[in-house]
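S.K.: Here the sequence shown stands for residues 0 to 678, numbered as in numbering that gives the first Met the number 0.
Idealized CB from N, CA, C, for every residue including glycine.
First the structure, then my questions, so here it is.
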Amino acid sequence: MPLTRLIIRNFKSIKDCDISLSELNVLIGENGTGKTNLLDAISYFYRNLISSNISTKIFDENNHYSNEVRISLIYDLAEFVKISKSNTEVIPDFGEEEPEEKSRYSGYYKAIISMASKARSKKLCVELSQIKGNSIRWNCTYEDRLIFKSLFPIFYIDTRNLDVTKWGFIWDILGELAKVSNMERKIISTEIRGILLDSTHETSQKLKMITDIFEMANVSVKPTMAKEFATNLTKIFFSGDNIRQSGKQLDYYSTGTNSVKYIELLLKSIDALSRIKMKEPIVLFDEPEISLHTNYLDELSDAITDVNSKLRVLVSTHSSRLTKNLITASNTVSLYNVKLINKYSLIHPMKKFPQYSPISKYRVADDHINAYFSKANLFVEGETELELFSNPYLRILFPAFKRVDVFKAVSEKPILNIMCPKLSNSQVPYLCLIDIDKAILYDKNKKRFNLRSEYFPENKKEYFRYRNKHESEAYLYLQRQRINAMQNKLHVHYYLPFLSCDDPNYHAFISALQQYLLSYNIFCLSTTIEGALINSHTADFAFNFLKSHTKPSDFEKFSVYWAELQKIDRLNLLRMLFNGKSDLLKSRKDVFNSLDPNIKLKLEKVTIGGKSSGWVSQYLDDFFQSVAEIEGIFSEKSFRRYLENKDNKEKLLHVFRNNFLELYWLIERLCAMIEEWAV
0 MPLTRLIIRN FKSIKDCDIS LSELNVLIGE NGTGKTNLLD AISYFYRNLI
50 SSNISTKIFD ENNHYSNEVR ISLIYDLAEF VKISKSNTEV IPDFGEEEPE
100 EKSRYSGYYK AIISMASKAR SKKLCVELSQ IKGNSIRWNC TYEDRLIFKS
150 LFPIFYIDTR NLDVTKWGFI WDILGELAKV SNMERKIIST EIRGILLDST
200 HETSQKLKMI TDIFEMANVS VKPTMAKEFA TNLTKIFFSG DNIRQSGKQL
250 DYYSTGTNSV KYIELLLKSI DALSRIKMKE PIVLFDEPEI SLHTNYLDEL
300 SDAITDVNSK LRVLVSTHSS RLTKNLITAS NTVSLYNVKL INKYSLIHPM
350 KKFPQYSPIS KYRVADDHIN AYFSKANLFV EGETELELFS NPYLRILFPA
400 FKRVDVFKAV SEKPILNIMC PKLSNSQVPY LCLIDIDKAI LYDKNKKRFN
450 LRSEYFPENK KEYFRYRNKH ESEAYLYLQR QRINAMQNKL HVHYYLPFLS
500 CDDPNYHAFI SALQQYLLSY NIFCLSTTIE GALINSHTAD FAFNFLKSHT
550 KPSDFEKFSV YWAELQKIDR LNLLRMLFNG KSDLLKSRKD VFNSLDPNIK
600 LKLEKVTIGG KSSGWVSQYL DDFFQSVAEI EGIFSEKSFR RYLENKDNKE
650 KLLHVFRNNF LELYWLIERL CAMIEEWAV
């Protein structure tokens, strides 16, 4: 294991970071949360490891009293100690003419062994500390840092500032890969000179002229360093350094095409370096997905995961597809969610869904991973909810709600497992929205409700959790006990044929369920999503909406039947006509089948479509148009301008609250979660 741990204190927006690293480490989060700052901290550490590149822009700008930066990298030298010990026992034969080479390698191995002996675990911490106005201090010698830089070289790829048509950086790595010993260099140089100075070649005469020019000018050429010599030698071998793709210049292709090929070649070169050299490289990628098409993201993820285990790769990204690919392709990936809270970057280790829900691995989609990047998540049951919460007028009225991402997941457990912040530890605030019939089921024969096991499991271990002194809700256990008692004793009275109920004990029972489930981030509606839209306050509006969307002759026959119903039955029937359920959670189909066939036919002719018929969007549009006093054409633009007036907005919020109280509470709670998390 190479680099195993990273500790950062007071570097830019990072106040306190201490994370363990795997082979592949993925930093996810929105732009501006501090992902790049974490990579910059490692880069700053390395830029000053054996030279001085001090910056004053690294300190905490939020707190001027914070005047010291600390960056610590913990390295594991165990593998290098094994290699060094085996080589000190049998030193490579460099020939009698190379005693210095032999001595240098022997000293290098011994230095590694000596350095590693300082820690029993063979893990050493190298720490940079910098106080404002002072130079950098290290906890180890310059000679030790030279060894660390050689053993654990760093490669920082910032794709935003990368010219992918110029691949000089890759030539440097190839030069490191092709680097030879001094003895080999002398042999190669002698052979090359012998060929070039052969009198039979015209080149020899030209080279002699060049040599004479240098001598007459009394100047000389300093031999290149070993890596530069190897780079030049590689270029000579290929007869040039102008890299092409499929025979065409790189600028012929798009930035995305070149970027993928660049990263692929780079990783393969670094990978080869780690395999044949005594090195365990660290590779940093800052948003490598920039300019890449979806298919290229798949190629990129393959290139990143198909590397030697000796590498440490850190990838900063806000691409859901790249994140998904890396999680599903690698068993050795660590996932970190970076959030900016109160101007500071918080880095949270996440759990990967293959760990806690293996079946989810083959069902994950890009949209599911988007939940990791959200400000707040609302998980809903179906298409009706998605349609409702995407209504543009609703989002204009509640601008903070635009930062809430809505996902259809509640009814599909494997999908919810992928996205649920509680399981993934993504630290994203969230709510699950459910209809009451997902939590309880009415038994008509016994005239009582049963608690559904998904939300109220009959498991004795559950009770111990509620007694836990660390539980945030001190009386949660007592609430559950009260619900159990109410469920056992509650025998509700209802009205036929629509199973309407105005029993106050029933409503108290529903209220207790809602309060209890909310402690587990579950917002439970008193009926269904349709019931939240069609309630006692909106009954007249819903009735007129129904009238405008049905044939006059059919509605006239329906009105005769409607006039004979009592008020509570009217509301229950109205909900079912909009595909909702009655008070006692019976569906339209169940209830209508028990009616006289002629009455059933009348009612079916005035029903509003199915779950995905689109009535919800029109319903809300018509509602906002009816309550907003806008002259001229009603549109998103005119609605937005109307709400620019503070009095208009307060009035409309008041009207919305009075008509859709449950929806108002839900949206307000989500918006409050975002604001609370931001603080």
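Give me the Cβ distance between Ala511 and Arg481, rounded to the nearest whole Å; I'm assuming they're in contact under 8 Å.
M.R.: In the sequence shown, residue 511 corresponds to position 512, counting from 1. In the sequence shown, residue 481 corresponds to position 482, counting from 1. Yes, they are in contact, since the Cβ atoms of Ala511 and Arg481 sit about 6 Å apart, within 8 Å.
S.K.: Use the C-beta contact count for Met224: other C-beta atoms within 10 angstroms, 16 or more gives buried, fewer gives exposed.
M.R.: Within the sequence shown, residue 224 is the residue found at index 225, counting from 1. That one is exposed.
S.K.: Which residue's Cα is closest to the Cα of Cys124: Ser116, Ile130, Lys131?
M.R.: If you number the sequence shown from 1, residue 124 lands on position 125. Cα-wise, what sits closest to Cys124 is Ser116.
S.K.: Let's test the definition: count the other Cβ atoms within 10 Å of the Cβ of Asp595 and tell me whether it reaches 16, buried, or not, exposed.
M.R.: The sequence position of residue 595 within the sequence shown is 596, counting from 1. Exposed: under 16 other Cβ atoms inside 10 Å.
S.K.: Run the CB neighbour count on Gly106, radius 10 Å, all protein chains shown included, and call it buried at 16 or more, exposed below.
M.R.: Locating residue 106 in the sequence shown gives position 107, where the first residue counts as 1. The residue in question, Gly106, is exposed, as its Cβ has fewer than 16 Cβ neighbours within 10 Å.
S.K.: With DSSP collapsed to three states, give me the class of Val218.
M.R.: As a working mapping, residue 218 is identified with position 219 in the sequence shown. Coil, per DSSP.
S.K.: Please list, in chain order, all residues of the same chain as Asn658 whose beta carbon is under 6 Å from its beta carbon, the five residues on each side excluded.
M.R.: In the sequence shown, counting from the first residue as 1, residue 658 sits at position 659. These residues qualify, in order along the chain: His536, Thr537.
S.K.: On a CA-only basis, which of Ser581, Tyr335, Arg46, Leu517 is nearest Tyr493? Give me that one, please.
M.R.: Position 494 of the sequence shown holds residue 493. The residue with the shortest Cα to Cα distance from Tyr493 is Ser581.
S.K.: In its own chain, which residues sit with a C-beta less than 7 Å from the C-beta of Asp270, not counting the 5 before and 5 after it?
M.R.: Along the sequence shown, read from residue 1 onward, the residue named residue 270 stands at position 271. Within the same chain, Asp270 has close Cβ partners Val306, Asn307, Leu310.
S.K.: Contact check, Ile112 vs Lys148 under 8 Å by CB: the rounded distance?
M.R.: By one-based count along the sequence shown, residue 112 stands at place 113. By one-based count along the sequence shown, residue 148 stands at place 149. The pair is not a contact, with the Cβ atoms about 18 Å apart (cut-off 8 Å).
S.K.: Let me check one thing: in DSSP terms, what residues is Ala438 bridge-paired to?
M.R.: Sequence index remark: in the sequence shown, residue 438 carries index 439 (1-based). According to DSSP, Ala438 bridges with nothing at all.
S.K.: Going by beta carbon distance, what residues of the same chain come within less than 6 Å of Leu584, once the five residues before and after it are set aside?
M.R.: Counting from one through the sequence shown, the residue named residue 584 turns up at place 585. Same-chain partners within the cutoff: Asp436, Tyr441.
S.K.: Below 8 Å, how does it come out for the stretch 614-624 and the stretch 584-593: are there three or more Cβ pairs, yes or no?
M.R.: No, the stretch 614-624 is not in contact with the stretch 584-593.
S.K.: How long is the line joining the alpha carbons of Tyr64 and Lys323, rounded to whole angstroms?
M.R.: Translated into positions along the sequence shown, residue 64 becomes position 65. Translated into positions along the sequence shown, residue 323 becomes position 324. Going by the C-alpha atoms only, they are around 41 Å apart.
S.K.: Three Cβ pairs or more, each shorter than 8 Å: is that satisfied between the stretch 546-559 and the stretch 634-654?
M.R.: The stretch 546-559 is not in contact with the stretch 634-654.
S.K.: Could you spell out where the beta strand (DSSP E) holding His347 opens and where it closes?
M.R.: Stepping through the sequence shown from its first residue, residue 347 is reached at position 348. Run containing His347: 343-349, per the beta strand (DSSP E) assignment.
S.K.: Could you tell me the alpha carbon to alpha carbon distance between Tyr715 and Thr230, rounded to whole angstroms?
M.R.: Missing from the structure shown is residue 715; the chain here goes from 0 to 678 and no further.
S.K.: Could you tell me whether the stretch 556-575 touches the stretch 423-437, using the rule of 3 or more Cβ pairs below 8 Å?
M.R.: The stretch 556-575, when compared against the stretch 423-437, does not touch it at the 8 Å Cβ threshold.
S.K.: Put Arg451 into one of helix, strand or coil per three-state DSSP.
M.R.: What you label residue 451 is simply residue 452 of the sequence shown in a count that begins at 1. Correct three-state label for Arg451: coil.
S.K.: At which residues does the alpha helix (DSSP H) containing Tyr155 begin and terminate?
M.R.: Along the sequence shown, one-based indexing puts residue 155 at 156. That residue, Tyr155, is in no alpha helix (DSSP H); its beta strand (DSSP E) goes 153-157.
S.K.: Can you list, in chain order, the residues of its chain with a C-beta nearer than 7 Å to that of Arg466? Leave out the 5 residues immediately preceding and following it.
M.R.: Residue mapping note: residue 466 aligns to position 467 of the sequence shown, counting from 1. Its pLDDT being 43, under 50, Arg466 is placed unreliably in this model, and the coordinates cannot settle the point.
S.K.: For Ile6, I'd like the list of residues in its chain whose CB is within less than 6 Å of its CB, leaving aside the five on either flank, ordered along the chain.
M.R.: To locate residue 6, count along the sequence shown from 1; it is residue 7. Here the set comprises Asp17, Ser71.
S.K.: I'd like to know if Leu334 contacts chain D, where contact means its C-beta is closer than 8 Å to some C-beta of that chain.
M.R.: Absence of chain D from the displayed structure is noted, only one protein chain being present.
S.K.: Could you work out which residue in Leu545, Thr527, Trp614 is closest to Glu661 when comparing CA atoms only?
M.R.: Along the sequence shown, read from residue 1 onward, the residue named residue 661 stands at position 662. If we check each option's Cα against that of Glu661, Thr527 comes out closest.
S.K.: Measure how close the beta-carbons of Met672 and Ala375 come, nearest whole angstrom, since I'm counting them as under 8 Å.
M.R.: To locate residue 672, count along the sequence shown from 1; it is residue 673. To locate residue 375, count along the sequence shown from 1; it is residue 376. The Cβ separation is near 5 Å, so the contact holds.
S.K.: Just to confirm, are Met762 and Ser425 a CB contact at a threshold of 8 Å?
M.R.: Given that the chain is displayed from residue 0 to residue 678, the structure contains no residue 762 and the question cannot be resolved.
S.K.: Is it right to say Ile191 is buried, meaning 16 or more other beta carbons lie within 10 angstroms of its own, or is it exposed?
M.R.: What you label residue 191 is simply residue 192 of the sequence shown in a count that begins at 1. Under this definition Ile191 is an exposed residue.
S.K.: In three-state DSSP terms, what is Asn307?
M.R.: Counting from one through the sequence shown, the residue named residue 307 turns up at place 308. The answer is coil: DSSP assigns Asn307 none of H, G, I, E or B.
S.K.: By DSSP's criteria, Val626 is part of a beta bridge. Which residues make up the other side?
M.R.: In the sequence shown, residue 626 corresponds to position 627, counting from 1. In DSSP, Val626 forms no bridge with anything.
S.K.: Any idea what DSSP makes of Arg466, helix, strand or coil?
M.R.: For the purposes of this step, residue 466 is identified with residue 467 of the sequence shown, where counting begins at 1. At Arg466, the pLDDT of 43 sits below 50, so the modelled position is not reliable and the matter cannot be decided from this model.
S.K.: What would DSSP say about Leu2, mapped onto helix, strand or coil?
M.R.: As a first step, residue 2 is located in the sequence shown; it is residue number 3 there, counting from the start. Correct three-state label for Leu2: strand.
S.K.: Near Val654, what residues of its chain come up, given a Cβ to Cβ distance below 7 Å and the 5 sequence neighbours on each side ignored?
M.R.: Position 655 of the sequence shown, counting from 1, holds the residue named residue 654. Cβ neighbours of Val654 beyond the five flanking positions: Val626.
S.K.: What would DSSP say about Lys443, mapped onto helix, strand or coil?
M.R.: Here residue 443 refers to the residue found at position 444 of the sequence shown. Correct three-state label for Lys443: coil.
S.K.: Does the Cβ-Cβ distance between Ser300 and Tyr371 come in under 8 Å?
M.R.: As a working mapping, residue 300 is identified with position 301 in the sequence shown. As a working mapping, residue 371 is identified with position 372 in the sequence shown. Cβ atoms of Ser300 and Tyr371: not closer than 8 Å.
S.K.: To the nearest angstrom, how far is it from the Cα of Leu38 to the Cα of Phe154?
M.R.: Reading the sequence shown from its first residue, position 39 is the one you call residue 38. Reading the sequence shown from its first residue, position 155 is the one you call residue 154. Whole-angstrom Cα-Cα distance: 11 Å.
S.K.: When you compare only the Cα positions, how much space is there between Ile368 and Met418?
M.R.: Taking the first residue of the sequence shown as 1, we reach residue 368 at position 369. Taking the first residue of the sequence shown as 1, we reach residue 418 at position 419. So the alpha carbons of these two residues sit roughly 7 Å apart.
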